[in-house]
Amino acid sequence: MCGIFCYIGPRNAVRLVLEGIQKLEYRGYDSSGIALVSEGKLIFVKKMGKVAVLQAAIENQLSQQHLVAHTAVAHTRWATHGKPSDTNAHPHSDRKELCAVVHNGIIENHEAVRHLLEKRGIIFRSETDTEVISQLIGYLYKGNFLKAVQRGLALLQGAFALAVVHQNHPHEVICAAKESPLAIGIGEGEMFIASDPYAFVNHTKRAIYLHSSEIAVVTKNSVRAFNSRLLPIQKESEDLKLDVQEAIKGKYPHYMLKEIFEQPQTIQNALLSRYSEEYGTAILEGAHFSDEDLLKIQRIIILGCGTSYHAGMLGAYMLQEKARIPVEVEISSEFRYKNPIVVENTLAIAISQSGETADTLAALKELKAKGAKILGICNVQGSSIAREVDSSLFLRAGPEIGVASTKAFTSQVIILALLTLKLARMRLMGQNEGKQYIECLKRLPSQVKEVLEQADYIQSLAKKYAHYEDFFFLGRRLMYPTALEAALKLTEIAYVNAKGYPAGEMKHGPIALINESCPTLAFCADAVTYQKILSNMMEIKARGGKILAVVPEGATDIKKVADDIFWVPKTIDELSPICSTLFGQLFAYYVALERGTEIDQPRNLAKSVTVE
Ligand code: M6R
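12 is the number of the first residue of the sequence shown in the numbering used here; add one for each residue after it.
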C-alpha cells in the first residue's frame with residue numbers, strides 16, 4: 012500500500028509527480044506529499060487528505076516561490092504507523108533535512124532502529140516507520156549517498172520499496188525494493204520511478220523492475236543497479252503491455268461503474284481460446300502443468316483475501332462437486348498461522364487481482380516451502396504473486412482502479428470454472444456434459460448484458476433500500492459466497508452494515524436480529540438449494556423482515572415470499588454466481604450513490620494491500 016512516484020529529467024517535476032501520485036491514489040489516500048530539489052535546496056510540501064489537497068497547497072506555494080524542479084519524489088499514503096496527518100505524511104527527512112524518503116510497505120523492526128537512533132540523540136518528528144529510514148540514512152551519510160542507503164537498508168527488516176533524494180546529490184534518486192516491487196520507467200533523457208508502472212505508462216512503455224534487495228541509482232540518463240552488497244547487476248528492461256485508454260474513466264462518473272459495465276468484454280477475454288468445443292474441455296494455456304501433473308492432484312488448497320477469497324470459495328464448491336477433489340479454501344491472513352500440512356500431490360491456488368496482497372504472498376511462500384505446487388490466478392502480469400508461483404492464469408480484465416473489486420471477481424470465477432471443467436473432464440465428466448458446460452460459459456457475456464440493461468430498475472430498488480443501516484445477505488451453496496461478495500461490496504462503498512450469512516444458519520442465532528428495519532437480500536439462483544432457501548425466507552418473513560430476492564427467471568413461487576424481486580438469466584449452478592453478482596455490484600453502487608459516499612476511494616481502504 013502507499014504509492015511512490017518520482018521524476019528526474021528536464022520537464023517540470025512537480026506537475027509530473029502530482030499527476031503520478033494521483034494515479035496511485037488507489038493505493039491509499041490518507042495524505043500525500045512531495046519533496047523537490049530546487050536551486051540546490053530540498054523543499055517539502057505535505058498534506059493530510061487526498062492529492063487534490065496537496066495540489067492546491069503546492070499551487071499556492073509555487074506561485075509565491077516560482078519553484079522550478081527537475082528532481083522530485085512524491086507519495087500517497089495509506090496510514091499504518093501513525094494517524095493520517097500533515098506530520099505523518101511522506102516524504103520524511105533526516106534531522107538536517109538533507110534527504111527525503113518515500114516508502115511503501117512496512118519496516119518491521121522500526122522500533123528497535125528508532126531506539127538505537129534516539130540513544131544517539133536523534134529526535135523524531137513523526138510516528139511513522141518511514142522516518143526511521145530517513146533518519147537512519149541521514150545518520151549514516153558521510154558524503155557517499157549510495158553507501159549510506161545500502162548500509163541503512165542492511166539494518167531494516169520487512170517488505171517494502173523506497174526512493175530517496177539528497178540535497179547534495181540533486182541529479183539522482185536512489186531507490187530500492189525488498190519483497191515489494193518498484194518499477195523504473197525509462198524515457199528519453201528522463202526517468203520515472205513508481206510503485207506501479209501504470210502511473211507512468213503515458214510517458215514511457217519501457218521499464219525495469221527492482222525486486223528483492225536490489226538498489227538502483229537513477230539519473231535522467233542512466234540506471235545503475237546493485238545487489239544488497241553493492242555489486243553491480245545487469246537489469247533487462249521490459250516493454251509494458253499496458254493500455255493507457257483502459258485506465259481512463261471515459262463517459263462513466265466512477266471507475267467502479269465503468270468496470271461493472273466492462274464485464275461482458277472481460278468475461279469474453281477470460282474465456283478467449285481457453286476451451287475446445289470439439290472435446291468439451293478447457294485449455295489452460297499459461298498453466299505449465301502437464302496432464303499427468305493434473306491427474307495426480309489429490310488435494311487443492313485455495314488462498315485469497317476479500318473478494319478473491321469469495322471467488323476461491325466458489326471455486327471450492329465447483330471443483331469439489333465436479334472434479335471430486337477435496338478442496339479447502341482459506342483466508343490467506345489466517346492460513347499461515349495454522350501450521351499447514353501439505354500432503355503429496357497438493358495443488359495450491361493463490362487468487363489475487365493485484366498480485367501484491369501481502370497476506371496471500373506470505374501464505375503461498377509458506378506452502379511453497381512445504382512442497383506444494385502453486386497456481387496463481389492474477390490480473391497483473393509481473394506482479395509479486397505472479398512471479399512467485401509455479402505458473403499463472405491471468406484474468407485479462409485490464410486495470411481495475413475502483414477499490415471495490417468487480418470485473419476481477421467475475422473473471423476469477425470464470426478461470427475457476429475453466430479449471431473445474433479441465434479437471435472434471437480428466438476424471439468423471441463426460442464429453443457431452445463438457446460441451447454443455449462450454450455452451451453455458453459462452454452464453455455468459457450476453458446474459459451479463461441482460462443484467463446491465465436493467466441498471467435503471469436496480470437503481471430504483473437501491474433507492475428504496477438505501478436508507479437502511481443493517482442488512483442480511485443470504486444464500487446457500489454457490490449463492491453463499493455470492494451473498495458474501497455482494498455484502499462486502501455494499502459494506503465497503505456505502506458504509507452499511509451488510510452481513511453475509513449462509514441462509515440455513517440464520518435459525519441458529521442471527522435470526523434474532525430480524526425486524527422491519529433490517530431487510531434481507533436473498534440470493535436464490537442455486538437450483539440444488541432453492542427450496543431450502545425459500546423456507547429460510549419464509550422464516551424471515553414470519554418475523555416481519557423485508558425481503559429483496561435475486562431469483563432465476565421462471566421461479567414464480569418466490570412471489571409469495573419476497574417483497575421485491577430481481578430476475579436473473581438462468582444457467583447451470585456453477586455459473587449462476589456471475590449474473591447474481593452483477594446485481595449485487597450495481598445494487599451496492601447505486602445505494603452508495605444515493606448515500607453520497609466516495610465510491611471509487613472508500614474511506615480507510617486501499618486497492619493494493621501490501622502489508623500484513
Ligand atoms: O488484489 P487482491 O485480489 O489480492 O485483493 C484482495 C482484497 O484486498 C480485495 O479483494 C478487497 O477485498 C476489495 N476491496 C474488495 O472489493
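Using N, Cα and C, we set each Cβ at its ideal position, and we do this for glycine too.
Predicted model, so just to flag it, every value in this text is computed and none were measured.
Between Leu404 and Ala419, the gap from beta carbon to beta carbon reaches 8 Å or more.
Judged by DSSP in its simplified three-state form, Asn547 adopts helix.
Less than 8 Å separates the beta-carbon of Gln423 from that of Ser319. Here the alpha carbon of Arg22 sits roughly 14 Å from the alpha carbon of Ile197.
Taken atom to atom, the span from the alpha-carbon of Gln596 to that of Arg454 is near 20 Å. Leu559 is positioned such that its CB atom lies no closer than 8 Å to that of Leu463.
Residue pairing by DSSP places Ala560 opposite Ala533, Ile576 in a beta bridge. If you measure from each CB to the nearest heavy atom of the ligand M6R, the residues under 5 Å come out as Cys316, Gly317, Thr318, Ser319, Ser363, Gln364, Ser365, Thr368, Ala415, Ser416, Val620. Under the Cβ criterion (8 Å, minimum of three pairs), the segment 296-312 does not count as touching the segment 468-478. Contact between the segment 145-152 and the segment 209-222 is absent, with fewer than three C-beta pairs closer than 8 Å. His177 has its alpha-carbon roughly 17 Å from the corresponding atom of Ser233. Bridge pairing for Ser43: Lys58, Thr87 [DSSP]. The residue from Pro563, Ala514, Gly413 with its alpha-carbon nearest to that of Glu609 is Gly413. Our two residues, Tyr266 and Ser416, have alpha carbons roughly 11 Å apart in a direct line. Between Val507 and Val400, the C-beta gap is not smaller than 8 Å, which leaves the two residues out of contact. Close CB contacts of Ala210 within its chain, under the 6 Å cut and outside five residues either way in sequence, are with Phe16, Gly31, Lys34, Leu35 (chain order).
Secondary-structure assignment with DSSP links Phe346 through no beta bridge to anything. Residue burial is scored here from C-beta neighbours: Met324 has at least 16 other C-beta atoms within 10 angstroms and is therefore classed as buried. Where Arg235 is concerned, the enclosing beta strand (DSSP E) starts and stops at 234-237. In this structure, Gly44 keeps its C-beta atom at 8 Å or more from the C-beta atom of His92.
Bounds of the beta strand (DSSP E) holding Lys510 are 508-513. Pro410: not part of any alpha helix (DSSP H); DSSP gives it neither H nor E. Looking at the backbone, the Cα of Ala498 and that of Ala599 are separated by about 8 Å. Counting only residues of its own chain and dropping the five nearest sequence neighbours on each side, Lys94 has a CB closer than 8 Å to the CB of Glu138.
Between Ala67 and Ile54, the C-beta spacing is not below 8 Å. Shown here, Phe598 sits in a helix according to DSSP, grouped into three states. In the three-state scheme derived from DSSP, where H, G and I count as helix and E and B as strand, Asn120 is classed as coil. Residue burial annotation: Met549 is exposed, with fewer than 16 other C-beta atoms found within 10 angstroms of its C-beta.
For Thr371, the three-state secondary structure derived from DSSP is helix. In this structure, Phe534 keeps its C-beta atom at 8 Å or more from the C-beta atom of Ala505.
Counting along the chain, Ile469 sits inside the alpha helix (DSSP H) bounded by residues 466-476. In the DSSP assignment, Leu193 falls within the unbroken beta strand (DSSP E) covering 193-197. Beta-bridge pairing by DSSP links Ile226 to Ala187, Phe237. Residue pairing by DSSP places Cys110 opposite His177 in a beta bridge.
Where Arg398 is concerned, there is no enclosing beta strand (DSSP E), although the alpha helix (DSSP H) around it starts and stops at 395-399.
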